[in-house]
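Asker:
Numbering (this note's numbering), first residue to last: 677 to 963.
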């Protein structure tokens, strides 16, 4: 908490977290006639907790003014939830297994996986470790962090029927491995033959070349780049996928535009296609 407004007030005791020490029942500080609650007493917490503390402090202030016992017939505020299941004291604490990673020098100029994965014994030990995957402990930190206010802990299961104009499906995607068409594209044999995701990593500032347009073969900037469309789709003979992937045409155009922006010299970009399908509002303008 920000203590600037009270740092010069004497008679107050603060915890190592910068919160005030108060009586758990009366919310009285060590200075007579001064009461505290809310974030100043608990640190950052939910607003309703501060409201509850304010009510208890108000009761104490009234009793103090009237000269009555501040704590008589009162109990500390305890927020309990029957679903709260704390970790048993006897549960052994085990450190998290560290994921083996590829050395930094071996990551440069390639697309090799950085995280190498656990050995069998490490994986079994990590799976056996207690992760406290029980009920929600109602700390409400998720509510505090959700800027969209989309989390409601009081919400109950319900079945709803809604009238809608359209349904948006988000089934995800599965990258196509061009290695199965090695006799056509020579993806595994030629280092400069890349998939769209690999080329995106080259254009990315966090990629292996830090956004610099470079050929994997020699690290030099290319003069010409060709995009081959419909690799892995719209072909029932070679890959067995007759559908259109729908996004490839658009991001090929986008990649070519970004490649020209990243190139230090002149760059010739060619997109080989059967036809261009720019799905989406105003996507045709890019073409």
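Where is the CB? At the ideal position from N, CA and C, for every residue including glycine. This structure is a prediction, so every number in the text was calculated from the model and none was measured.
In whole angstroms, give me the CA-to-CA distance for residue 745 and residue 702.
Answerer: Rounded to whole angstroms, residue 745 to residue 702 spans 10 Å at the Cα level.
Asker: Residues bridged to residue 797 by DSSP?
Answerer: BP columns for residue 797 are empty, so no partner.
Asker: Spatial neighbours of residue 867 within its chain, please: C-beta separation below 7 Å, excluding the five flanking residues on both sides.
Answerer: So the qualifying residues of the chain are 892 and 893.
Asker: Distance check for residue 911 and residue 860, CA to CA, integer angstroms please.
Answerer: Between residue 860 and residue 911, the C-alpha separation is close to 13 Å.
Asker: Buried or exposed: which applies to residue 669, given that a residue is buried once 16 or more other Cβ atoms fall within 10 Å of its Cβ?
Answerer: In the structure displayed, the chain extends from 677 to 963; residue 669 sits before or after that span and is not available.
Asker: Is residue 943 near residue 901, with beta carbons less than 8 Å apart?
Answerer: Yes. Within cutoff.
Asker: Please classify residue 772: is it buried, with 16 or more other beta-carbons within 10 angstroms of its beta-carbon, or exposed?
Answerer: Exposed, since its Cβ has fewer than 16 Cβ neighbours within 10 Å.
Asker: According to DSSP, simplified to helix, strand and coil, what is residue 704?
Answerer: It is a strand residue.
Asker: Please state whether the Cβ-Cβ distance between residue 712 and residue 696 is less than 8 Å.
Answerer: Against a cut-off of 8 Å, the Cβ pair of residue 696 and residue 712 comes out as a contact.
Asker: Among 956, 934 and 930, which residue has its Cα nearest to the Cα of residue 922?
Answerer: Among 956, 934 and 930, the Cα nearest to that of residue 922 is on 956.
Asker: Is it right to say residue 929 is buried, meaning 16 or more other beta carbons lie within 10 angstroms of its own, or is it exposed?
Answerer: Per the 10 Å Cβ criterion, buried.
Asker: Using the Cα positions of residue 951 and residue 906, report the straight-line distance between them to the nearest angstrom.
Answerer: If I take the Cα positions, the gap works out to 10 Å.
Asker: Please find out if some non-hydrogen atom of the ligand NAP comes closer than 7 Å to the beta-carbon of residue 715.
Answerer: Only the bare structure without any ligand can be found here, which leaves the ligand NAP out of the picture.
Asker: Does any C-beta atom of chain D lie closer than 8 Å to the C-beta of residue 735?
Answerer: Note that chain D does not occur in the displayed structure, where there is just one protein chain.
Asker: Measuring alpha carbon to alpha carbon, tell me which residue in 898, 903 and 946 is nearest residue 939.
Answerer: The shortest C-alpha separation from residue 939 is found at 898.
Asker: Would you mind reading off the limits of the beta strand (DSSP E) that contains residue 900?
Answerer: Start and end: 900 to 904.
Asker: Determine the extent of the alpha helix (DSSP H) in which residue 715 is found, giving its start and end residues.
Answerer: First-last of the alpha helix (DSSP H) with residue 715: 715 to 718.
Asker: Can you tell me the Cα-Cα spacing of residue 723 and residue 819, whole angstroms?
Answerer: Distance between the alpha carbons of residue 723 and residue 819: 11 Å.
Asker: Do you know how far the Cα of residue 888 is from the Cα of residue 783?
Answerer: Straight-line Cα distance between these residues: approximately 16 Å.
Asker: Rounded C-beta distance between residue 787 and residue 732? I'm assuming under 8 Å.
Answerer: Their Cβ separation, rounded to whole angstroms, is 60 Å, which puts residue 787 and residue 732 out of contact at 8 Å.
Asker: Determine the direct distance from the alpha carbon of residue 935 to that of residue 872, and round the result to whole angstroms.
Answerer: Answer to the nearest angstrom: the Cα atoms are 12 Å apart.
Asker: On a CA-only basis, which of 913, 960 and 890 is nearest residue 927? Give me that one, please.
Answerer: That would be 960, whose Cα lies nearest to the Cα of residue 927.
Asker: Restricting to Cα atoms, I'd like to know which of 720, 685 and 836 is closest to residue 817.
Answerer: That would be 720, whose Cα lies nearest to the Cα of residue 817.
Asker: Out of curiosity, what's the CA-to-CA distance linking residue 715 and residue 698?
Answerer: Looking at the two C-alpha atoms, the distance is approximately 12 Å.
Asker: With C-beta atoms as the reference, is residue 791 less than 8 Å away from residue 770?
Answerer: Not in contact: residue 791 and residue 770 (Cβ atoms no closer than 8 Å).
Asker: Going by C-alpha distance, which of 843, 709, 858 and 700 is nearest residue 687?
Answerer: With distances taken between Cα atoms, residue 687 lies closest to 709.
Asker: Looking at the strands, I want to know which residues DSSP matches up with residue 790.
Answerer: According to DSSP, which records beta bridges pairwise, residue 790 is partnered with nothing at all.
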